[in-house]
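Structure below.
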């Protein structure tokens, strides 16, 4: 397995040497992880449609990972909670 988490697969049920399984560990609250997920989706689409005559497939498995477990739970922003429509 490479450091990027991509493992080439040639299992009989997939029937192609152009298949891979990708394991992704990401924090759902992280905007950078979200951007990486979107880029992975784009790359997967490009990989599977690169050569129309070849049977290419990608299996992606997502795993949760908390990047900063020491952070407190998200609290409401004081600006929005102290401001009311009546101005009080």
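Residue numbers (the working numbering): 32 to 119.
Ideal Cβ placement from N, Cα and C applies to all residues, glycine included.
Remember, it's a predicted structure, so these values are computed and weren't measured experimentally.
Query, Result
"With distances taken from CA atoms, which of 101, 91, 100, 102 is nearest residue 55?", "91"
"Skipping 5 residues on each side, what residues in its chain have a beta carbon closer than 7 angstroms to that of residue 78?", "87, 89"
"Give me the residue from 85, 74, 59 with the minimum Cα distance to residue 95.", "59"
"Which class does residue 57 belong to by DSSP, given the choice of helix, strand or coil?", "strand"
"Measure the C-alpha to C-alpha separation of residue 51 and residue 70 and round it to an integer number of angstroms.", "17 angstroms"
"Can you tell which of 84, 62, 53 has its C-alpha closest to the C-alpha of residue 98?", "62"
"Under DSSP, the beta strand (DSSP E) around residue 93 begins and ends at which residues?", "88-95"
"Determine the direct distance from the alpha carbon of residue 83 to that of residue 76, and round the result to whole angstroms.", "12 angstroms"
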